[in-house]
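> A single structure is presented below for examination.
Number of protein chains: 2
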Amino acid sequence: MRVLGIDPGLTRCGVGVVEGSIGRPLSLVDVGVVRTDAQLPIAQRLCLIEAGLEEWLDATRPDAVAVERVFSQHNVKTVMGTAQASGIALLVAARRGLPVALHTPSEVKASVTGSGRADKAQVGAMVTRLLRLPQMPRPADAADALALAICHIWRGGASNRLEAAVSAHTAASRATHGTGARP
Amino acid sequence: MRVLGIDPGLTRCGVGVVEGSIGRPLSLVDVGVVRTDAQLPIAQRLCLIEAGLEEWLDATRPDAVAVERVFSQHNVKTVMGTAQASGIALLVAARRGLPVALHTPSEVKASVTGSGRADKAQVGAMVTRLLRLPQMPRPADAADALALAICHIWRGGASNRLEAAVSAHTAASRATHGTGARP
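Each protein sequence line maps, in turn, to chains A and B. The numbering used here numbers the first residue of the first sequence as -1 and each following residue consecutively. The numbering used here numbers the first residue of the second sequence as -1 and each following residue consecutively.
Written as structure tokens, this is what we have:
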């Protein structure tokens, strides 16, 4: 199972692709960041995030996408932009009929470190070890995206069967009716 | 100038199209709501909002799009979904190279009623009068979308020249490089 993890953000969207299955070693496919210039208007930044994520989907062809769930209790100044970026991440995945899952930061931390309250350094260290990388992925958003993908693989996507079925149905019916064609 | 106003929301996105210019009578082009079923997964709901807004853009061909600015102080339970829906609204407009503006609820209220603290009924009453409609548009999200479009026309889109230039540039460069092609 190949999973694309996305840690959404307007300035930096962490993206990490991991292949593996429960009880087998994990392997890194690719990791990086989709960046947008903070000087640009928000609408244009969302377009660039859409294009950037589409390129990652084209290049890595994941079986599923895992996105970090955003909470409104987070940093109030950036939370709206993060929520908008997460909306784009969910959209590009579902539009392809890919199963999409949302995992909370504490679910991700608990999956890779055993503790839902682990700090960023601990998450980064475990991601590096689990994927047998020569060094910790930078920036932290990239490491977080890999942790999301690992979390999704280890949770077995079990909670997402319904989403998968619905997404497949949507993709099929959209193809049939031809709605929402891109200009 | 023909403006599409969008009052974003996951369950109901109000959409209203108004034609007019400063100092001239305004006219209603169309008004309605893009709805999504609250039982569906969030990713699929965002796909349906994208498809619904694309249909409105295709059918009404606006010159500009005005979206209500979402604040995190709003209802915490729904604000994340509203922010995600607003991200989709900004995306579909900017992707076509249309100028996009964000207006706050108080800017909109002040534009159509003279008071930034007017209530929904007052906004609805003024929209009905300004567009010479036989009755108040329902639901309130639809009336709010019309108020947004009127606000945008009366503010003259002056603050949005930079956004327009940047959007046009983006559309041109995206067409050239062919990035973000829809699957």
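Note that the Cβ used here is the ideal one computed from N, Cα and C, for glycine as well.
Determine, using beta carbons only, whether residue 66 of chain A comes closer than 8 angstroms to chain B.
no
> Judging by CA-CA distance, which residue of A:30, A:31, A:47 is the nearest neighbour of residue 38 of chain A?
A:47
> Taking DSSP's pairing of strands, which residues face residue 17 of chain A in a bridge?
A:0, A:25.
> From the DSSP output, which residues share a beta bridge with residue 100 of chain A?
A:65
> Closer than 7 angstroms by beta-carbon distance: list the chain B residues that pair up with residue 84 of chain A, in chain order.
82
> Throw me the rounded Cβ distance for the residue 129 of chain B and residue 101 of chain B pair, which I believe falls under 8 angstroms.
In fact, because the Cβ distance is near 18 angstroms, the residues do not count as touching under 8 angstroms.
> Between the C-alpha atoms of residue 107 of chain A and residue 152 of chain A, what's the straight-line distance to the nearest angstrom?
12 angstroms
> At the level of alpha carbons, what is the spacing between residue 1 of chain B and residue 75 of chain A?
Pairing residue 1 of chain B with residue 75 of chain A, the inter-Cα distance amounts to about 29 angstroms.
> Out of curiosity, what's the CA-to-CA distance linking residue 80 of chain A and residue 6 of chain A?
6 angstroms
> Measure the beta-carbon distance from residue 143 of chain B to residue 27 of chain B and round it to whole angstroms, keeping in mind my assumption that it falls under 8 angstroms.
Actually they are not in contact, since the Cβ atoms of residue 143 of chain B and residue 27 of chain B sit about 12 angstroms apart, beyond 8 angstroms.
> Can you list, in chain order, the residues of its chain whose CB lies under 8 angstroms from that of residue 123 of chain B, leaving out five sequence neighbours each side?
134
> Could you tell me if residue 4 of chain B is buried or exposed, where buried requires 16 or more neighbouring beta carbons within 10 angstroms of its beta carbon?
buried
> Measuring alpha carbon to alpha carbon, tell me which of B:94, B:141, B:96 ends up nearest residue 184 of chain B.
Outside the displayed span of chain B (-1 to 181) sits residue 184 of chain B, for which this structure offers no information.
> Between the Cα of residue 52 of chain B and the Cα atoms of B:103, B:89, B:149, B:24, which residue gives the shortest distance?
B:89
> Give a yes or no on whether the minimum CB-CB distance between residue 41 of chain B and chain A is below 8 angstroms.
yes
> For my contact list, residue 36 of chain A and residue 9 of chain A are in at a C-beta cut-off of 8 angstroms; report their separation, rounded to the angstrom.
The Cβ separation is near 6 angstroms, so the contact holds.
> So is residue 64 of chain A buried or exposed if we call it buried at 16+ other beta carbons inside 10 Å?
buried
> Taking the continuous alpha helix (DSSP H) assigned at residue 50 of chain B, which residues delimit it?
Boundaries of the alpha helix (DSSP H) harbouring residue 50 of chain B: 40 to 58, taken from the DSSP string.
> Does any CB atom of chain A fall closer than 8 angstroms to the CB of residue 78 of chain B?
Closer than 8 angstroms: yes.
> Find the residues of chain A that neighbour residue 125 of chain B, judging by a C-beta separation of less than 8 angstroms, and give them in chain order.
Those within 8 angstroms of residue 125 of chain B in chain A number zero; the least Cβ separation is about 25 angstroms.
> So the candidates are B:43, B:126, B:149, B:60; which of them puts its Cα closest to the Cα of residue 84 of chain B?
Of B:43, B:126, B:149, B:60, the residue nearest in Cα terms is B:43.
> In chain order, what residues of the stretch 92 to 111 of chain B put their CB closer than 8 angstroms to some CB of chain A?
92, 93, 94, 98, 100
> State yes or no: is the beta carbon of residue 146 of chain B nearer than 8 angstroms to at least one beta carbon in chain A?
no
> Between the alpha carbons of residue 159 of chain B and residue 97 of chain B, how many angstroms are there, rounded?
Here the model assigns residue 159 of chain B a pLDDT of 46, short of 50, so the residue's position is not dependable, and the following value carries that caveat. Cα to Cα, residue 159 of chain B sits roughly 8 angstroms from residue 97 of chain B.
> Exposed or buried, what is residue 150 of chain B when buried is set at 16 or more other beta-carbons lying within 10 Å of its beta-carbon?
buried
> Would you please verify whether the beta carbon of residue 88 of chain B is less than 8 angstroms from any beta carbon of chain A?
yes
> Specify, as a first and last residue, the run of the alpha helix (DSSP H) that residue 126 of chain B falls within.
118 to 128
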